[in-house]
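Chains A and B are the protein sequences, given in the same order. Numbering follows my numbering, in which position 43 of the first sequence is assigned residue number 63; successive positions increment by one, without gaps. Numbering follows my numbering, in which position 234 of the second sequence is assigned residue number 254; successive positions increment by one, without gaps. Cβ atoms here follow ideal geometry from the backbone N, Cα and C, with glycine treated the same way. Keep in mind the model is a prediction, meaning the values are calculated, not measured.
2 protein chains.
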Amino acid sequence: VDEKWVVVAVSYSGNTEETVSAYREARDRSCRVFCVTTGGELGRISNAGYTQRIPEGLQPRAALPILLSVTMGLTERVLGLEPTDFGRVSENVQRNQEVWGSHIDRPETLASEIYGSVPLFLAQGHLVPVAYRAKCQFNENAKYSAFSLEMPEANHNEIEASVSYQRFAIRPVFLESSFQSERMSRRYEATRAVMSTERSMKLTIPSENRLDEMLSLTHYLDMVSLELALLHGVDPVGVDRISELKSRLAG
Amino acid sequence: VDEKWVVVAVSYSGNTEETVSAYREARDRSCRVFCVTTGGELGRISNAGYTQRIPEGLQPRAALPILLSVTMGLTERVLGLEPTDFGRVSENVQRNQEVWGSHIDRPETLASEIYGSVPLFLAQGHLVPVAYRAKCQFNENAKYSAFSLEMPEANHNEIEASVSYQRFAIRPVFLESSFQSERMSRRYEATRAVMSTERSMKLTIPSENRLDEMLSLTHYLDMVSLELALLHGVDPVGVDRISELKSRLAG
Chain A
21 VDEKWVVVAV
31 SYSGNTEETV
41 SAYREARDRS
51 CRVFCVTTGG
61 ELGRISNAGY
71 TQRIPEGLQP
81 RAALPILLSV
91 TMGLTERVLG
101 LEPTDFGRVS
111 ENVQRNQEVW
121 GSHIDRPETL
131 ASEIYGSVPL
141 FLAQGHLVPV
151 AYRAKCQFNE
161 NAKYSAFSLE
171 MPEANHNEIE
181 ASVSYQRFAI
191 RPVFLESSFQ
201 SERMSRRYEA
211 TRAVMSTERS
221 MKLTIPSENR
231 LDEMLSLTHY
241 LDMVSLELAL
251 LHGVDPVGVD
261 RISELKSRLA
271 G
Chain B
21 VDEKWVVVAV
31 SYSGNTEETV
41 SAYREARDRS
51 CRVFCVTTGG
61 ELGRISNAGY
71 TQRIPEGLQP
81 RAALPILLSV
91 TMGLTERVLG
101 LEPTDFGRVS
111 ENVQRNQEVW
121 GSHIDRPETL
131 ASEIYGSVPL
141 FLAQGHLVPV
151 AYRAKCQFNE
161 NAKYSAFSLE
171 MPEANHNEIE
181 ASVSYQRFAI
191 RPVFLESSFQ
201 SERMSRRYEA
211 TRAVMSTERS
221 MKLTIPSENR
231 LDEMLSLTHY
241 LDMVSLELAL
251 LHGVDPVGVD
261 RISELKSRLA
271 G
C-alpha cells in the first residue's frame with residue numbers, strides 16, 4: 021500500500037480503534053484517503069474535503085444501506101465504473117419483500133422454526149458476506165448463537181460433523197443464489213442429500229441481479245434476527261456485553 | 021497473476037478438482053508452477069522437473085508435516101529466505117509434548133472436558149489457521165461439531181451471542197500465544213471476564229518461536245480430536261459422508 025493507492029476509511033461512530041489507526045497509517049504512506057463517518061475521532065482528524073458525513077443516531081449495524089450507497093458510489097467514481105442507481109436498488113429490495121410468505125417463509129415463521137436450534141449459514145461467492153452478516157445480526161440483535169461457513173470449502177470437513185447436528189441442535193441453512201452455476205447447484209443438492217436427516221433449510225429470493233439478491237436476503241435475514249430477538253425476549257438494540265468489554269478495556 | 025508469479029500447486033492425492041484446474045490456469049498464464057503431490061492427475065500433467073513427489077498411503081490430513089516441510093522449503097528458496105531447520109522444529113514439537121499434563125491438560129483430559137459440548141476455537145494472528153485446523157480435525161476425525169473465529173473481530177458480535185452458550189452447550193476455547201502483545205492479552209482477559217459464566221477455556225503451549233507454537237498446538241489439538249473420536253465411538257480414519265458426497269457428484 022503506497023501513494024498509488026486510494027483508501028476508504030469507514031467507521032459509523034468515527035471512533036473504531038482499528039479504522040482510526042488504519043487511516044493514520046494510510047495518510048503516512050501518502051495514499052489518497054476518503055472517509056465515511058458521522059464524526060468522532062475520524063471526523064476530527066480527516067480532511068473535510070475528502071470526507072462524507074452521514075446522519076447520526078442510527079445503530080451502526082442498521083446503517084448498512086447508507087454506508088453501502090456512499091462507499092459503493094465512491095468506489096465506482098474512483099474506478100470509473102457505471103454508477104449504481106440506488107433508488108432502483110431500494111425499490112427492488114422493497115419489491116422482493118412481496119415473496120415473503122410465498123417463495124420464502126415469512127420472517128416470523130423462519131424465526132420460530134429456527135428458535136431452539138443454532139443456525140449454520142452456508143453460502144458461496146457473493147452470498148458469503150450475507151451469511152456472515154446474518155451470523156452477526158443473530159448474535160447482536162437476538163443475543164443468539166449462529167455460525168457461517170463458505171461453500172464449497174465446508175464440504176471437505178463440515179459434512180463429517182453433520183453426524184452430530186441433531187445432538188447439538190445445529191440447523192444448516194443454505195443460502196442459494198439464482199445466479200449460481202449448474203455445477204454449484206448440483207453440489208448444494210448433493211450436500212443436502214447427504215445431510216438429509218439434519219433438517220437442513222434452503223433459502224433463495226428471486227432477484228434481478230446479484231446486488232439485489234445480496235440486499236434482499238440481507239434485509240430478510242435482518243428481519244428474521246429481529247423476530248428471533250422477540251422470541252428470545254431480548255432487546256435487539258442493547259449491546260450490554262460489548263459495552264462491558266469496552267469499559268473493561270478502557271478501565 | 022501473470023508470468024511474473026510463482027505458483028505452488030499442492031494436492032496430496034493429486035486429484036483435488038480445484039487444485040488441478042488452478043494448476044492449468046496458472047500454466048496458461050505462463051506462471052512458473054511447482055507441484056507437490058503423491059501423483060494422481062496433477063502428477064500426470066505436471067512438469068516432472070518442477071514436481072516434488074511425496075510418499076503415498078497417508079490420510080491427507082495426517083500429511084501436514086511432510087506437506088509443510090516441502091512447501092515451506094520451496095517458498096524459502098524462491099524468496100531467498102533463511103531455510104527452516106525442520107529437524108530442529110520436529111525436535112521442539114516433540115519436546116513441547118512434555119508439558120502435556122502439567123502446563124496444559126493431557127489430550128484425553130481435555131477431550132473428556134469438551135465431550136458433550138461444541139468447542140468454539142478463538143484465535144488471533146498466526147494461531148488463526150491453528151484454530152481452523154482444530155475445527156476441521158474435530159469434524160473429520162471425531163465426526164464432531166466445532167467452530168473457529170478470529171479475534172478481535174469476534175469481539176464485536178460473538179460476545180453478545182455468548183449469552184446463549186450454556187443453552188446450546190457451546191464452549192469457547194481461547195488459543196493464546198506466548199508472543200501476543202500486552203494489548204491483545206488484556207483484550208483476551210476482558211473477553212473471558214465478560215464471558216465468565218460460560219466456562220471458557222484457555223490453551224497455551226510454551227514455545228521457542230511462532231512456528232513451534234503453531235505446530236505444537238496443532239499436534240496437541242490433533243491428539244485431542246483423536247481422543248474425542250474414541251469417546252464419540254467413531255473411526256477417525258473413515259470419511260463416509262465425504263465419500264458419499266463425491267460419489268453423488270460423480271454419479
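Chain B contact for residue i (CB, 8 Å cutoff)
| i | result |
| --- | --- |
| residue 24/A | no |
| residue 262/A | yes |
| residue 132/A | no |
| residue 126/A | no |
| residue 167/A | yes |
| residue 62/A | no |
| residue 78/A | no |
| residue 56/A | no |
| residue 35/A | no |
| residue 247/A | no |
Segment limits, beta strand (DSSP E) that includes residue i
| i | result |
| --- | --- |
| residue 223/A | 221-223 |
| residue 265/B | From DSSP, residue 265/B is part of no beta strand (DSSP E) but of the alpha helix (DSSP H) over 260-270. |
| residue 57/B | 52-57 |
| residue 73/B | 71-73 |
| residue 147/A | Unbroken run through residue 147/A: none, as it is neither H nor E. |
| residue 191/B | 190-195 |
| residue 26/A | 26-31 |
Pick from the options that is closest to residue i, judged by C-alpha positions
| i | options | result |
| --- | --- | --- |
| residue 178/B | 162/A, 25/A, 186/A | 162/A |
| residue 132/B | 267/B, 262/B, 251/B | 251/B |
| residue 61/A | 40/A, 144/A, 268/A | 40/A |
| residue 33/B | 215/B, 122/B, 58/B | 58/B |
| residue 29/A | 71/A, 78/A, 123/A, 48/A | 71/A |
| residue 107/B | 86/B, 153/B, 94/B | 86/B |
| residue 26/A | 73/A, 43/A, 53/A | 53/A |
| residue 77/A | 129/A, 257/A, 105/A | 257/A |
| residue 185/A | 44/A, 266/A, 214/A, 153/A | 214/A |
| residue 145/B | 122/B, 100/B, 200/B | 200/B |
| residue 105/A | 92/A, 115/A, 119/A, 221/A | 92/A |
| residue 148/A | 235/A, 266/A, 49/A | 235/A |
| residue 115/B | 189/B, 266/B, 183/B, 233/B | 233/B |
| residue 152/A | 129/B, 209/B, 176/B | 176/B |
| residue 136/B | 188/A, 129/A, 219/A, 55/A | 188/A |
| residue 245/B | 129/B, 271/B, 208/B, 211/B | 129/B |
| residue 120/B | 239/B, 209/B, 198/B | 239/B |
| residue 98/B | 254/B, 164/B, 24/B | 24/B |
Residue i to residue j span [Cα, whole Å]
| i | j | result |
| --- | --- | --- |
| residue 21/B | residue 51/B | 8 Å |
| residue 19/B | residue 81/A | This structure cannot speak to residue 19/B, because chain B is shown only from 21 to 271. |
| residue 173/A | residue 69/A | 43 Å |
| residue 170/B | residue 96/B | 27 Å |
| residue 90/A | residue 113/A | 17 Å |
| residue 155/A | residue 228/B | 37 Å |
| residue 221/A | residue 122/B | 45 Å |
| residue 231/A | residue 158/A | 22 Å |
| residue 206/B | residue 43/A | 24 Å |
| residue 217/B | residue 190/B | 12 Å |
Cβ separation of residue i and residue j, assumed to be a contact under 8 Å, to the nearest whole Å
| i | j | result |
| --- | --- | --- |
| residue 166/A | residue 143/B | Rounded, the Cβ-Cβ distance is 20 Å, inconsistent with contact. |
| residue 247/A | residue 75/A | In fact, because the Cβ distance is near 26 Å, the residues do not count as touching under 8 Å. |
| residue 140/B | residue 195/B | Between residue 195/B and residue 140/B the Cβ distance is about 11 Å, and since that is not below 8 Å, they are no contact. |
Chain A contact for residue i (CB, 8 Å cutoff)
| i | result |
| --- | --- |
| residue 251/B | no |
| residue 21/B | no |
| residue 141/B | no |
| residue 208/B | no |
| residue 43/B | no |
Continuous alpha helix (DSSP H) stretch holding residue i: start and end
| i | result |
| --- | --- |
| residue 205/B | 202-214 |
Residue i beta carbon near the ligand ZN (any heavy atom closer than 7 Å)
| i | result |
| --- | --- |
| residue 240/A | Absence of the ligand ZN from the depicted structure is noted, as is the absence of any ligand whatsoever, leaving it without description. |
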